[in-house]
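Protein chains in written order, with our numbering: chain A, 1 to 128; chain B, 1001 to 1128.
Read the structure below first, then the notes.
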DNA sequence: ACTTAGTTACGAATAACATCGTATCTTGTG
DNA sequence: CACAAGATACGATGTTATTCGTAACTAAGT
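Have a look at this one:
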C-alpha cells in the first residue's frame, strides 16, 4: 500500500522530538538533543538525521538564517493529537470516536479524571 | 531501542487481521483472506505469512488439528484497544488518559455522543 | 591565515514490515 | 495408486524506520 504524500503520521522517534518542540518551542538541534537526552540515550547525529527527515516530510519547518538551524513543528500539538486519535479510531475502533472515548474512560478509573471529563461535557453542552 | 518481547503492539497489517478475527471468530487463512479481500487487495500468501508472524509473536493462537489451521486472537478486542490507547496516551499525551479523552471528546461534537458519554460516566460513578 | 569547536550533510548498517513467488506437503477422489 | 486441489513453509525483495560514523563545511578567536 502506498503512503500518502500529504498528511503524514509521525513515527515514534519523530513524535518524541515533536513533543520536545511543543514543550520548549523552536529550537536548534543541540537544544533538542539536550532536552531529549534527559530521558533517552540518543546520539546527536541521530536527532539531526530525524529532524532532516521530518523536514523532508514537512513535519517541521526550519529557519536556516543562522548556522545552527532552528526547527519548529509544522503542526500544532492539538492538531497532531487529533490526527493520531482519528487514525487510531479508524484502525482499532471501526472509525468510531465515541467507542474510542468510552473505552478510554473505562480504563481511567481515577475519580478525579472522571470529574474532569464531566466538567468538560458540561462546558461543551453549554456551547451547543 | 529494543522491542519488548512480551506485550507486543500489533502492526497495522496485523491489526487489520485481528479485526477480522474479532468479527467472524476463529478462522482459517482462507476465510480470513476472503473477509479481508472485501476491502483490501492482499495476496493469500501475504495473509498467511502475517498470521505466521503473529503466531510467532503470540498475537494469535492456532489449532493445527486439521490441515487448514484455525487461527484465533490471543487477546480480546477490548484488551487490545486498551493497550493501544495506553500506548498512544504515553506517546502523545504525556501519559495522561484524561487528556486523551478530552481531546477525543472535543473532536466529536455530536450531541448524541456527548449524551452517551455522560451516561457512561454516571454508571461508572455508581460503581465507585 | 590556521586551528578548533560546532554544525550540517551524507551514506551505511541493522532491524522491522509488507508483499509475494515458489516449493513442498496432504488429502480426497477417480 | 496417482493426481489435482488446496494448504503450509520458506525464502527473496523492496520499503521504511532508527541509528550512527565520517566527511565536509563554517565561523570565531589567536
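Glycine is no exception: its CB is placed at the ideal position from the N, C-alpha and C atoms.
Complete beta strand (DSSP E) runs within the segment 1026–1097 of chain B (minimum length 3 residues, chain order): 1060–1063 and 1070–1073
Give a yes or no on whether 8 Å exceeds the smallest Cβ distance from residue 1105(B) to chain A. The residue labelled residue 1105(B) in the question sits at position 105 within the second chain. Interface residue, yes.
Quick one: what does DSSP say residue 1016(B) is sitting in, helix, strand or coil? Here residue 1016(B) refers to the residue found at position 16 of the second chain. If DSSP states are grouped into helix, strand and coil, residue 1016(B) belongs with the helices.
For residue 1009(B), three-class secondary structure by DSSP: Position 9 of the second chain, counting from 1, holds the residue named residue 1009(B). In the three-state reduction of the DSSP assignment, residue 1009(B) falls in the coil class, being assigned neither a helical nor a strand state.
Evaluate residue 1040(B) with the Cβ neighbour count: other Cβ atoms within 10 Å of its Cβ, from every protein chain shown; 16 or more gives buried, anything less gives exposed. Start at 1 with the first residue of the second chain, and residue 1040(B) comes out as number 40. Exposed is the label assigned to residue 1040(B), since fewer than 16 other Cβ atoms lie within 10 Å of its Cβ.
So which residues on chain B does residue 91(A) lean against when the C-beta distance must stay under 9 Å? By 1-based counting over the first chain, the position of residue 91(A) is 91. Residues of chain B passing the Cβ test: 1012, 1015, 1016, 1019 and 1084.
For residue 1140(B) versus residue 13(A), is the C-beta spacing smaller than 8 Å? With chain B running from 1001 to 1128 in the structure shown, residue 1140(B) is simply not present.
Would you please state the rounded distance, in angstroms, between the beta carbons of residue 84(A) and residue 74(A)? I believe it to be under 8 Å. Locating residue 84(A) in the first chain gives position 84, where the first residue counts as 1. Locating residue 74(A) in the first chain gives position 74, where the first residue counts as 1. Not really, about 15 Å apart at Cβ, beyond 8 Å.
Indicate whether residue 70(A) and residue 10(A) have their beta-carbon atoms separated by less than 8 Å. Your numbering for residue 70(A) matches position 70 in the first chain. Your numbering for residue 10(A) matches position 10 in the first chain. Cβ atoms of residue 70(A) and residue 10(A): not closer than 8 Å.
With distance defined between alpha-carbon atoms, name the residue in 1127(B), 1116(B), 1126(B) and 1019(B) nearest to residue 1072(B). Numbered from 1 along the second chain, position 72 holds the residue referred to as residue 1072(B). Here the closest residue by C-alpha is 1019(B).
Any contact between the segment 114–125 of chain A and the segment 1118–1128 of chain B? By contact I mean 3 or more CB pairs, one from each, below 8 Å. yes
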